[in-house]
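Report on the following structure.
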Amino acid sequence: MSTPSAFENGLRLMADQQQRAARSLINLIEMISTTSRRYAEDTTAFTQEALNLMNEAAHLTKDGNRDAAAVADLQKKWAETCLKYGQDQTKATMHFVEQCGRQALTVAAHADTPTSTETPKE
2 MSTPSAFENG LRLMADQQQR AARSLINLIE MISTTSRRYA EDTTAFTQEA
52 LNLMNEAAHL TKDGNRDAAA VADLQKKWAE TCLKYGQDQT KATMHFVEQC
102 GRQALTVAAH ADTPTSTETP KE
């Protein structure tokens, strides 16, 4: 058996790097898909809660009289809803950034690329 030439070693290295890049891209697409789906679900739930609170508010003032305590309660519920979904979105975003960073660090740690542009000598 003969030893592989520098050219063959270079081709193998390029093939390995291409496979890692493809795996990284697939992982990134999966993370984006999962995050997007979760974001859409949260947005739908947030919108539903907002509509429910608006309907409650409309019923409070229907007869022309406003119940200040009930309005204050709805405002409190709205603030809690905004806070809840804001925290959920922040957590989802940070999880996504964490996963992307972890993936990038993993790829960087396994990069076997030569640091110079010189042709390897046999």
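Reading the sequence shown from the start, the letters are residues 2 to 123 in our numbering.
Idealized CB from N, CA, C, for every residue including glycine.
When the Cα atoms are used, what is the spatial distance from residue i to residue j?
{"i": "residue 93", "j": "residue 85", "result": "12 Å"}
{"i": "residue 119", "j": "residue 27", "result": "Any reading at residue 119 needs caution, since the residue's pLDDT is 46, under 50, leaving its predicted position unreliable; the model's value is listed next. Computed Cα separation, rounded: 32 Å."}
{"i": "residue 95", "j": "residue 7", "result": "43 Å"}
{"i": "residue 90", "j": "residue 60", "result": "30 Å"}
{"i": "residue 40", "j": "residue 48", "result": "12 Å"}
{"i": "residue 88", "j": "residue 4", "result": "58 Å"}
{"i": "residue 38", "j": "residue 23", "result": "22 Å"}
{"i": "residue 73", "j": "residue 50", "result": "17 Å"}
{"i": "residue 106", "j": "residue 46", "result": "34 Å"}
{"i": "residue 13", "j": "residue 34", "result": "32 Å"}
Within its chain, find whatever has a CB closer than 7 Å to the CB of residue i; leave out the 5 residues flanking it on each side and keep chain order.
{"i": "residue 36", "result": "93 and 97"}
{"i": "residue 57", "result": "75"}
{"i": "residue 111", "result": "21"}
{"i": "residue 32", "result": "97, 100 and 101"}
{"i": "residue 68", "result": "61"}
For residue i, which option in the options has the closest C-alpha, if you only look at C-alpha atoms?
{"i": "residue 82", "options": "44, 11, 19 and 21", "result": "44"}
{"i": "residue 25", "options": "111, 110, 104 and 109", "result": "104"}
{"i": "residue 77", "options": "66, 55 and 14", "result": "55"}
{"i": "residue 52", "options": "30, 13, 39 and 79", "result": "79"}
{"i": "residue 109", "options": "18, 13 and 5", "result": "18"}
Which residues in the same chain as residue i place their Cβ atom closer than 6 Å to its Cβ, once the five residues preceding and following it in sequence are excluded?
{"i": "residue 15", "result": "none"}
If I measure Cβ to Cβ from residue i and keep anything under 8 Å in the same chain, skipping five residues before and after, which residues do I get?
{"i": "residue 29", "result": "101 and 104"}
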